[in-house]
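> I'd like to ask some things about the structure below.
In my numbering, the protein residues as written are 9 to 85.
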């Protein structure tokens, strides 16, 4: 019985790790920075996730996101 469960468990954990690394991570990072989530998910699939993370950190927040943050800050003061 455990001979069947262990490989299935390993495959399930690996699948969850891939989903997190290639879908959830770029989605959350892109949305947080006001970027296109779908575009960044596709980019993560085309290049390795580590390069996608580096590129996303380099480009930073979108202009729209920066404007919203400035307006929000001005309204609070």
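Glycine is no exception: its CB is placed at the ideal position from the N, C-alpha and C atoms.
Just the Cα atoms here: how many angstroms apart are residue 33 and residue 58?
Working through the chain shown from its first residue, we reach residue 33 at position 25. Working through the chain shown from its first residue, we reach residue 58 at position 50. Their Cα atoms are separated by approximately 11 Å.
> Taking residue 28 as the reference, give the member of 13, 52, 15 and 10 with the closest Cα.
The count along the chain shown starts at 1 and reaches residue 28 at position 20. Nearest option by C-alpha distance: 52.
> Is it right to say residue 43 is buried, meaning 16 or more other beta carbons lie within 10 angstroms of its own, or is it exposed?
Locating residue 43 in the chain shown gives position 35, where the first residue counts as 1. The residue is buried, with at least 16 neighbouring Cβ atoms inside 10 Å.
> The alpha helix (DSSP H) with residue 35 in it runs from where to where?
Walking along the chain shown from the start, residue 35 turns up at place 27. That run of the alpha helix (DSSP H) goes 33-40.
> Closest to residue 65 by C-alpha separation, out of 80, 38, 71 and 73, would be which residue?
Start at 1 with the first residue of the chain shown, and residue 65 comes out as number 57. The option with the nearest alpha carbon to residue 65 is 38.
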